[in-house]
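Colleague:
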Ligand SMILES: [Fe+2]
Ligand SMILES: [Fe+2]
């Protein structure tokens, strides 16, 4: 999962400022622009404007952090999965998210940042990750709803990124999207089964849908009118579809799925608009969204503390891997000497 569909500076409290196009080298800039215009790919060894590089480092690292932090609310349910089958599926999904984080950290590293720098940003609270993971997972139905709606929203966000102008990011997204599609389906299928179960199970599904629906709509980021950096992202071929258009696509795709599932989405204003040929929907609570982005969500502190603890607890694994690699290298050197 889960790009953050807005530009958040890495230092809390600062407002994102639109980045000016680079004037570092007009000739190289012209070559870069023509490549972008021709829908070509920028590769790590190519010249790129500093602002493009910085934007990508921020977006890809925020995306990687989101994958890694996203493992936490679901990892929490592995030991409580209701059957062996559900446990195996959930383990596979959480493991996929870890893999997505690793592809993305690797993609960001090609832009000249290091894993340590990125992790330091995350662990010190300077860097952001998708706010959707700052909400609690209260029942097993949340696992289904996260798959259906959160991974579903992530797919909407990420499919256009498969065509992003930066090669390593675009290629990572192709594989990530295939796995996200499995995540979305397993969640939806788990909910279908629950909806055919007892009244208590159906109530759990309805409650989870009510709690997650609006948060998922906010995952696409602020309305286009309040998203000043989107235009630059579009110009650079990083962003292909605007926040509002992606959100509309998500709503239009999800309403029929909710019908099949037999749940009502918690929005009295949600109705088909014949003229627009889209569903209309109600107002998103952006104050609540920004409060959560800025650290005041229900689980921000808990998620970060769990993540830092996991990193520290894993220090011996990294030490052991490095010691092993050193030994192997010494052995090879001795053999070839
Ligand atoms: Fe993912
Ligand atoms: Fe996922």
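Numbering (this note's numbering), first residue to last: 94 to 430. Even glycine gets a Cβ: it sits at the ideal position worked out from N, Cα and C. From a predicted model like this one, the values you see are computed outputs, not experimental measurements.
Give a yes or no on whether the C-beta atoms belonging to residue 280 and residue 241 are separated by under 7 Å.
Modeller: Here residue 280 refers to the residue found at position 187 of the chain shown. Here residue 241 refers to the residue found at position 148 of the chain shown. In this structure, residue 241 lies closer than 7 Å to residue 280 by Cβ.
Colleague: Would you say residue 202 lies against chain C (beta-carbon separation less than 7 Å)?
Modeller: This model lacks chain C altogether, as it is built from one protein chain only.
Colleague: How far does the beta strand (DSSP E) with residue 364 in it extend, from its first residue to its last?
Modeller: In the chain shown, counting from the first residue as 1, residue 364 sits at position 271. First-last of the beta strand (DSSP E) with residue 364: 364-366.
Colleague: Any idea if residue 162 is buried or exposed, counting beta-carbon neighbours within 10 angstroms, 16 or more meaning buried?
Modeller: Numbered from its first residue, the chain shown carries residue 162 at position 69. By the 10 Å Cβ count, residue 162 comes out buried.
Colleague: Within the same chain, show all residues whose beta-carbon is closer than 8 Å to that of residue 384, passing over the 5 residues directly before and after it, in chain order.
Modeller: Your numbering for residue 384 matches position 291 in the chain shown. Same-chain partners within the cutoff: 390.
Colleague: Report all residues from its chain with a CB closer than 8 Å to the CB of residue 263; omit the five preceding and five following residues, and keep chain order.
Modeller: Here residue 263 corresponds to residue number 170 of the chain shown, with the count starting at 1. Closer than 8 Å at the Cβ level, and outside the excluded window around residue 263, lie 134, 254, 255, 256 and 257.
Colleague: How is residue 334 classed by DSSP in three states: helix, strand or coil?
Modeller: Your numbering for residue 334 matches position 241 in the chain shown. Three-state result, residue 334: coil.
Colleague: Nearer than 6 Å: is that true of the beta carbon of residue 158 relative to any heavy atom of ligand 3?
Modeller: No copy of ligand 3 occurs in the structure displayed; its ligands are ligand 1 and ligand 2 alone.
Colleague: Nearest to residue 159 by CA position, among 211, 377 and 333, is which residue?
Modeller: Residue numbering aside, residue 159 sits at position 66 when the chain shown is read from its first letter. Residue 159 has its Cα closest to that of 211, out of 211, 377 and 333.
Colleague: Between the alpha carbons of residue 410 and residue 311, how many angstroms are there, rounded?
Modeller: Position 317 of the chain shown holds residue 410. Position 218 of the chain shown holds residue 311. Near 37 Å, if we compare the C-alpha coordinates of residue 311 and residue 410.
Colleague: If I'm right that residue 348 touches residue 363 with Cβ under 8 Å, what's the distance once you round it to whole angstroms?
Modeller: Locating residue 348 in the chain shown gives position 255, where the first residue counts as 1. Locating residue 363 in the chain shown gives position 270, where the first residue counts as 1. About 7 Å separates the two Cβ atoms, so the contact holds.
Colleague: Using a Cβ distance threshold of 8 Å, determine whether the region 146-158 contacts the region 321-334, with at least three qualifying pairs required.
Modeller: Touching, per the Cβ criterion.
Colleague: For ligand 2, I want to know if residue 273 counts as a neighbour, meaning its beta carbon is within less than 6 Å of at least one of the ligand's heavy atoms.
Modeller: Indexing the chain shown from 1 puts residue 273 at position 180. True, at least one ligand heavy atom lies under 6 Å from that Cβ.
Colleague: May I ask which residues mark the beginning and end of the alpha helix (DSSP H) holding residue 417?
Modeller: The residue you call residue 417 lines up with position 324 of the chain shown. Segment 408-429, the alpha helix (DSSP H) holding residue 417.
Colleague: Based on the DSSP secondary-structure assignment, which residues constitute the bridge partners of residue 371?
Modeller: Within the chain shown, numbered from 1, the residue matching residue 371 stands at position 278. Bridge partners of residue 371: 366.
Colleague: Hey, is the region 186-200 in contact with the region 263-277, meaning 3+ C-beta pairs nearer than 8 Å?
Modeller: Enough Cβ pairs lie closer than 8 Å, so yes.
Colleague: With distance defined between alpha-carbon atoms, name the residue in 309, 286, 196 and 308 nearest to residue 298.
Modeller: As a first step, residue 298 is located in the chain shown; it is residue number 205 there, counting from the start. Cα-wise, what sits closest to residue 298 is 286.
Colleague: To the nearest angstrom, report how far apart residue 169 and residue 395 are at their CA atoms.
Modeller: Position 76 of the chain shown, counted from the first residue, corresponds to residue 169. Position 302 of the chain shown, counted from the first residue, corresponds to residue 395. Cα to Cα, residue 169 sits roughly 12 Å from residue 395.
Colleague: Is the separation between the beta-carbon of residue 182 and that of residue 330 shorter than 7 Å?
Modeller: Working through the chain shown from its first residue, we reach residue 182 at position 89. Working through the chain shown from its first residue, we reach residue 330 at position 237. No.
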